[in-house]
Every structure is written in C-alpha cells, then in structure tokens.
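Visitor: Got a structure here, written out as structure tokens. Questions coming.
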Amino acid sequence: EAGVAQSPRYKIIEKRQSVAFWCNPISGHATLYWYQQILGQGPKLLIQFQNNGVVDDSQLPKDRFSAERLKGVDSTLKIQPAKLEDSAVYLCASSPGQNNEQFFGPGTRLTVL
Amino acid sequence: RKEVEQDPGPFNVPEGATVAFNCTYSNSASQSFFWYRQDCRKEPKLLMSVYSSGNEDGRFTAQLNRASQYISLLIRDSKLSDSATYLCVVRRASKIIFGSGTRLSIRP
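Heads up: the protein sequence lines correspond to chains P and G, in order.
Mapped onto my numbering, the consecutive letters of the first sequence carry residue numbers 104 to 216.
Mapped onto my numbering, the consecutive letters of the second sequence carry residue numbers -14 to 93.
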C-alpha cells in the first residue's frame, strides 16, 4: 500500500517569497493533518481536515498560512509571505478517521533565507 | 508551561539495559495518549497507544497515570536499533499535542 506522498522534499526560498507544499494521503483516509516541526521540537498541528472540511486550524497563522483540501483527497499548504522563523519541516499525515493511527509522509524541509 | 512536557535527554544507555521515560500533561481533560518514535531526519511513526490499563508490546510497556497526569514508556533489553527520539502525544477533542521528544541513544 502506498504511503503518504509529499512534494517537494526540499525547498529553499528567501524571506517574503511564497511557497506551496503538496500532500497526497493514503487512499481512503478521510482525515488529513498538516504539522510544522521546528528543529529540536515536536510536531505542531497546523490544521486538520475531515474530508474537505476543517476540523481544527486554531494554530494556523492565518495571516500568512493557508491550506485547502478541495476534493477531500489531496491537500496544499501555502505560506505567503515567508518569514525566517518558518524554516522547519512540514509534515503531512493521514488517518482513516479522527481517532485512528496517523501515518506521516516524509515531510518537506523548508529553509527561508 | 507547555501542555505536554518531556525530558529532552539524551538518555545514553548500554545495549541490554532497561530504560524508562515519562511524559507529563497539564490538561486533565486529555482523552487519549500515544508514543511515537522518530528516527533522525525521518517522519514520526506510531510505537504504541497508551491505555488506562497499561499495555505491553514485546519489550515495550506503556502506562498511564491519570491521577498524576503522566504517561510512561519502558523499554527492556534495549537494542542498538532502539536509538531514536520518542515523542509523547496527547489528544483532547480535536487537539493533538506532541511533546518535544526524549532522545535515546543505545551504545554497544
């Protein structure tokens, strides 16, 4: 069974530029999560989708971050404009339902210069 | 104060030793608990869920103490391959909170 796919794997941008990340969850998984993991810290949940609806986005910095899952499958996370402190690994995870095990993708490592 | 706290370590123990670490949580409404393992520069993977009655999976034992608001992970007969960061995860309704992780290094 294919796992969670993410792209790109690495991205280097300058501050104030925009960037977008893509996630394809495991087939049939209704719940999709985006996390930010800064070096030396645990993942921080940014947004959780159930199908194409948002369950929780309380920790998403909405002035610069946005995410969508229009058809309830793939998802994109965008940062516009990026700041130095956005340098982190952005992890996507999916699960069959909200209370099931989460399966993580390999992440996108973002460096903002 | 962070809602989920872990000793960052590193714990450096010899192969074959038993090692244990705890994770404390501050919100008594927390509902479910997990241990994830994260290897260097890799994604987290579920190690085990933590049930109220405690649970064991091979060399790994997890326990929950609701009165004192902590969960624990015990690893017996540690292997070199157990070297990793162990992340505590607490769920409360739609909230999912990861601890910062405890680094474990097993030496030959």
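Heads up, the beta-carbon is just placed ideally off N, CA and C, and yes, glycines get one too.
Which residue's Cα is closest to the Cα of Y21 (chain G): P:E188, P:Q205, P:Y193, P:F168?
Guide: Among P:E188, P:Q205, P:Y193, P:F168, the Cα nearest to that of Y21 (chain G) belongs to P:Q205.
Visitor: Between the segment 71 to 88 of chain G and chain P, which residues of the former have a C-beta closer than 9 Å to a C-beta of the latter?
Guide: If the cut-off is 9 Å between Cβ atoms, the segment 71 to 88 of chain G has L72, C73, V74, R76, A78, S79, K80, I81, I82, F83, G84, S85, G86 near chain P.
Visitor: Closest to Q151 (chain P) by C-alpha separation, out of P:L163, P:T211, P:G143, would be which residue?
Guide: Comparing Cα-Cα distances from Q151 (chain P) to each of P:L163, P:T211, P:G143, the minimum goes to P:L163.
Visitor: When we look at the beta-carbon of L142 (chain P) and count the other beta-carbons within 10 Å, is it buried (16 or more) or exposed?
Guide: Result: exposed.
Visitor: Taking C-beta pairs closer than 7 Å, name the residues in chain G that G175 (chain P) reaches, listed in chain order.
Guide: Ordered by position in chain G, no residue passes the 7 Å Cβ test against G175 (chain P), which lies about 17 Å from the chain.
Visitor: Here's the rule: buried if 16 or more other CB atoms are within 10 angstroms of the residue's CB, otherwise exposed. What is L135 (chain P)?
Guide: Buried: at least 16 other Cβ atoms inside 10 Å.
Visitor: Can you list, in chain order, the residues of its chain whose CB lies under 8 Å from that of T3 (chain G), leaving out five sequence neighbours each side?
Guide: For T3 (chain G), where only same-chain residues beyond five positions count, the Cβ hits under 8 Å are L59, I60, R61, D62, S63.
Visitor: For S17 (chain G), list the residues DSSP reports as bridge partners.
Guide: DSSP lists G:R76 as partners of S17 (chain G).
Visitor: Confirm, please, whether the CB-CB distance from L149 (chain P) to Q139 (chain P) is below 8 Å.
Guide: For Q139 (chain P) and L149 (chain P), yes; Cβs fall inside 8 Å.
Visitor: Would a check of beta-carbon distances place Q120 (chain P) closer than 8 Å to chain G?
Guide: Answer no: the Cβ-Cβ gap between Q120 (chain P) and chain G never drops below 8 Å.
Visitor: Give the range of the beta strand (DSSP E) segment to which L102 (chain P) is assigned.
Guide: With chain P represented from 104 up to 216, any question about residue 102 (chain P) goes unanswered, as that position is not in the structure.
Visitor: Under the three-state reduction of DSSP, which class applies to D67 (chain G): helix, strand or coil?
Guide: Three-state result, D67 (chain G): helix.
Visitor: Which same chain residues end up closer than 6 Å to A123 (chain P) when comparing Cβ atoms and leaving out the 5 residues on each side of it in sequence?
Guide: If we look at A123 (chain P) and ignore the five residues flanking it on each side, its Cβ neighbours are T179, K181.
Visitor: Less than 8 Å between the C-beta atoms of V(-11) (chain G) and G84 (chain G), yes or no?
Guide: Contact flag set, yes.
Visitor: Using a C-beta cutoff of 8 Å, does P(-5) (chain G) count as contacting chain P?
Guide: By this cut-off, P(-5) (chain G) is not an interface position.
Visitor: Where do the N-terminal and C-terminal ends of the beta strand (DSSP E) with I141 (chain P) fall, by residue?
Guide: Counting along the chain, I141 (chain P) falls outside any beta strand (DSSP E), and DSSP gives it neither H nor E.
Visitor: DSSP three-state label for E188 (chain P), please.
Guide: E188 (chain P): helix per DSSP, three-state reduction.
Visitor: Three or more C-beta pairs closer than 8 Å, one from the segment 37 to 47 of chain G and one from the segment 72 to 89 of chain G: is that the case here?
Guide: No, the segment 37 to 47 of chain G does not touch the segment 72 to 89 of chain G.
Visitor: Whole angstroms is fine: what's the gap from S198 (chain P)'s alpha carbon to K114 (chain P)'s?
Guide: Distance between the alpha carbons of S198 (chain P) and K114 (chain P): 26 Å.
Visitor: Just the C-alpha distance for G(-6) (chain G) and K174 (chain P), rounded to the nearest angstrom, thanks.
Guide: For G(-6) (chain G) and K174 (chain P), the distance between alpha carbons rounds to 43 Å.
Visitor: Quick one: what's S169 (chain P) bridged to in DSSP?
Guide: Its beta-bridge partners are P:K181.
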